[in-house]
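Heads up: the structure comes next, in structure tokens.
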Amino acid sequence: MSQLEIRSVSHWFGGLQALRDVTFSTSDEILGLIGPNGAGKTTLFNVISGFIVPTRGEVLLNGKAIHRLRADQTIRLGLARTFQIVKPFATLTVEENVLAGLGTPYYPKAEALYKIYRTRENLEKIEQMLEKVHLSEYRFSPAAKLPIGLQRRLEIARALATHPKVLLLDEPAAGLVAQEAEELADLIRDLHSQGIHIILIEHNMRFAMNLCQRIVVLAQGEIIAEGVPAEIQNNEKVINAYLGQE
Amino acid sequence: MLLLQNLSNALILACTYILMAAGLTMVYGVLKVLHIAHASVYTVGAFVGVLVFSWLGNFWLALAIAMLVSGIFGVLIYRSTYFYLLNAPRTVPLIASVGMFVMFTDLLQKPFLMGAYQRAFPAGGAGLSAIKTALFSFTAKQVLILLVTLILLVLVYIILTRTKLGLSWQAASMDREMASAVGINLNRSIAANFFLGSALAGAAGVLVGVYNNSVFATMGDLPSYKAFIIIVLGGMGSLPGAILASLILAIVENFLVASVGYVLPRDSIAFLVLILMLMFRPNGLLGRE
Amino acid sequence: MSSGYLLTILIFTAMYISLALSLNILTGFAGQVSLGHAAFLGIGAYTSAILTARYEYPFWLAFLAAIIITGIIGTFLGLPSLRVRHDFLVLATMGINFVVVSIFKYVDFFGGAMGLVNIPAPTLFGITFRGGVPYLLLTAGYAAFTLLICWYLSKTWSGLAFQTIRNDEDAAASLGVNPARYKIYAFGISAALAGGVGSLYAHFLGSVFPDNFVFVESIGIMSMVIFGGIGTLRGPIIGAILLRLIPEWLRFIQDYRFTFYGALLVLMMLFQPMGLLGNESWLWRQLTRLFRATSKVKEEVQG
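Chains as they are written, first to last, in this note's numbering: chain A, 369 to 614; chain B, 1083 to 1371; chain C, 230 to 532.
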């Protein structure tokens, strides 16, 4: 059970306002965050996950304010994320990448200095994790050698290894072919059915409309619409925002 | 009186910093490489200057040839190393640069080049005369430094703002790929950048050699480290910033030494400034976020 | 070559193996390029020298103090790494090296340019290690200790955390690694191990001077790490051995040691940036291929 509340969040980069008074809340669903380029979606993700402290406003996870926490602190509250531009640990193998996610509880403690990470127990967990995202056959390849689609899945696996309650996916379907995107959608539904609260940024409209239960639309840093996919599809403001961009 | 005299001494010191830092900041602007081997170019400039001067006895000819040779030396450094490392991770060209610096410094100290001893560079004021006013005075040597620095800076300013070459550097410093996409011959542009930057360093070497009447193999070490401090202070890649930072550093050094005395030598003051700057204003005094 | 000379070479080689391994924790594991490692060697050497020669503490205490004090100072000197990355960090570490050397040189407490002399030979358990074989055992023992620490560290969660921040700090943070904390760990551990070498160094030479710890020394240590293969355990060891021994075998290089180091750095960057025995290097690929081929043959023969 998890509830995330965004309360009047505004953020400026120098003189440029990236987010304007964004307010919404979400709990235990698959929420889509869409909007034209430069709408502030990734900035919002960075605020939620602790990479940016918002200029104004607050973010609450299950009632606890988290907007002043750093990224390495929010993850310990169960808030995992992936990146729009994939950031695999290039020199590590697929297995080691996912193992790194298993370490989340250890890193802030002194026991990280003497506890061995490659235990049989952890390796078994990794095996299951990799099966879930269909990466088992790449287990020992360096992450840098994977094609982009698999790197995206690796990032999801790495985030899952942290046992998140909320998973933020930044354009997970970008660069995937239709069939891969379909598999990804199945995976995300599967994760949601296991009780993970999912928020995703998506550019691929069809993908978002099919997958998400609810959608929040951002344009120029503001929320312009919010609702179930069917409502959003027919919302005039949304259509204008997208047309305006084209 | 003393204040003004101190200021004018600081101005002379700043001139030598500016010439050194200008080349470095130009190179950083275009290549995004911390060109540590710039120190060797400076020393080579001074060395060539002193050799030509002792053969021909003409300072201006010595300066011109020294700048030419340093410029070519710089282009050779670029073509033999950085050229192949443009797309490598940033530490790769940096370590190559450190390697070149160590190699050249060691080679320059060998007897067949400069040897371990100092050479005199008795060019004096190169025929210029001293300036004396009631408030401040410049010796002939100081006038020489001021004059040469001003001429070179005007030249650089014209090249940067009025020529295609200067525009191509600006384009390349913003985005190398875009620059070559719009038809800039990147290779030639960067080579020219190295030539000019290295020639300036060579000129700085000659001027400092004349000013101190001494040229030696490791003379480039300190000025080049200071040049790094200056380009950090001035905001990496910014020429006006580098000029301002040169002035500030020279003034601070002069006054700290003149008034407070010092526990540490003034050179380590510069390094402390560097470390603090890097920690608290990594974008430089004029830099933006 | 007299056996005394050979021993001296071997003792230095052992010390440089420890130094290269300790720098590798910082630069190879955690990805923080530092060109100021000689400063840590110097801090350890001066700590041990002052404690024994001036205050007459026993060697073992001075040795431990050198490790601990250098570790603590290293932790503080690592602070710039929290603010600056990449080439700016390199500048900061160069600056640190200069400041540390000028403190040695200009502060009377550290003996100034005349350095510190009459540093006694170390005594442990009633045995005095005066040059020769015993000292080689001491330094080799310390190199083995350093290797053990590095090996164990690479197996721990913090070893994995180092690897993640070297690859991508944001991704590391998204998994709960606080990059600042781990950079400081890396600086502290790396400095502490180098401080131990400093102590051995001071007691072997019997005197220390500021010029022993200047910037080019840092370059020498970095060359070893890079030449051998950064980020691996074998690399810095092989690098330290080869770069200490090659100039001894090829005498003409002796006078051109730094030309040789410098040229080597440039050539490695141009042709093998991963080093001689780094994971993606040509030589290492050939070796692993050869190893696989022979083990296959063995299997076939046995099968």
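For every residue, glycine included, the Cβ atom is placed at its ideal position computed from N, Cα and C.
Beta-carbon proximity check, residue i vs residue j, cutoff 8 Å
i	j	result
C/Ile467	C/Cys379	no
A/Phe392	A/Ile416	no
A/Leu503	A/Ala525	yes
B/Ala1286	B/Thr1098	yes
A/Ile564	A/Pro532	yes
A/Arg388	A/Gly589	yes
B/Ser1122	B/Phe1183	yes
B/Ser1255	B/Val1157	no
B/Lys1223	B/Val1292	yes
C/Pro476	B/Val1174	no
Coil, strand or helix - residue i by DSSP
i	result
A/Phe392	strand
A/Pro510	strand
C/Ala350	coil
A/Ala448	strand
A/Ile374	strand
A/Phe381	strand
C/Arg473	helix
C/Ser383	helix
B/Ala1198	coil
A/Ala634	The structure shown does not extend to residue 634 of chain A, since chain A spans only 369 to 614, so no value can be given for it.
B/Ile1325	helix
A/Ile484	strand
B/Phe1220	strand
A/Asp620	Nothing in the structure corresponds to residue 620 of chain A, since chain A is present only between 369 and 614.
A/Gly517	helix
B/Val1157	helix
C/Lys527	helix
C/Gly491	helix
B/Gly1127	helix
C/Gly458	coil
Residue-level contact to chain A via CB, residue i, 8 Å cutoff
i	result
C/Ser403	yes
C/Ala533	No information on residue 533 of chain C is available, as it lies outside the stretch 230 to 532 that chain C covers here.
C/Val406	yes
C/Ala243	no
C/Ala400	yes
C-beta neighbour in chain B for residue i, strict 8 Å
i	result
C/Val319	yes
C/Leu210	Outside the displayed range of chain C (230 to 532) lies residue 210 of chain C, so it cannot be described from this structure.
C/Ala492	yes
C/Arg480	no
C/Met343	no
C/Asp316	yes
Closer than 8 Å to chain C by CB, residue i
i	result
A/Ala542	no
B/Ala1299	no
A/Asp440	yes
A/Leu399	no
A/Arg444	yes
A/Arg521	no
A/Glu614	Interpretation of A/Glu614 is limited by its pLDDT of 47, a score under 50 that renders its predicted location unreliable; the figure taken from the coordinates is listed afterwards. No, no contact with chain C.
B/Met1102	no
B/Ser1350	yes
A/Lys410	According to the sequence shown, residue 410 of chain A is Thr rather than Lys. Taking Cβ atoms only, chain C never reaches closer than 8 Å to A/Thr410, which makes this a no.
B/Ile1312	no
B/Asp1257	no
A/Thr530	yes
A/Leu514	no
A/Thr461	no
B/Val1180	yes
A/Phe381	no
query = When Cβ atoms are compared, which residues of the segment 563 to 584 of chain A fall closer than 7 Å to chain C?
reply = none
query = Along the segment 365 to 398 of chain C, what residues have a CB closer than 9 Å to any CB found in chain A?
reply = Tyr381, Leu382, Lys384, Thr385, Trp386, Ser387, Gly388, Leu389, Ala390, Gln392, Thr393, Arg395, Asn396 and Asp397
key: Ordered list of alpha helix (DSSP H) runs contained in the segment 393 to 445 of chain C, each at least 4 residues   = 398 to 403 and 408 to 434
ask   = In the segment 466 to 480 of chain A, which residues sit with their C-beta less than 8 Å from some C-beta in chain C, listed in chain order?
value = From the segment 466 to 480 of chain A, only Leu467, Ala468, Gly469, Gly471, Thr472, Pro473, Tyr474, Tyr475, Pro476, Glu479 and Ala480 have a Cβ closer than 8 Å to chain C.
query = Of all the beta strand (DSSP E) runs that stay within the bounds of the segment 553 to 610 of chain A, which reach a length of 3 or more residues?
reply = 565 to 569, 582 to 587 and 590 to 595
request  = Would you mind listing the beta strand (DSSP E) stretches within the segment 402 to 480 of chain A that are 3+ residues and don't spill past its ends, in chain order?
outcome  = 424 to 429 and 447 to 449
query = According to a CB-to-CB cut-off of less than 8 Å, which residues of the segment 1154 to 1168 of chain B neighbour chain C?
reply = Thr1163, Tyr1166 and Leu1167
request  = Quick one: which residues of the segment 483 to 500 of chain A get their C-beta closer than 7 Å to a C-beta of chain C? List them in chain order.
outcome  = Lys483, Ile484, Tyr485 and Arg486
query = According to a CB-to-CB cut-off of less than 9 Å, which residues of the segment 414 to 428 of chain A neighbour chain C?
reply = Residues of the segment 414 to 428 of chain A that bring their beta carbon within less than 9 Å of a beta carbon in chain C comprise Ser417, Gly418 and Phe419, in sequence order.
ask   = What are the complete alpha helix (DSSP H) segments, minimum 4 residues, inside the segment 1258 to 1306 of chain B?
value = 1258 to 1263 and 1268 to 1294
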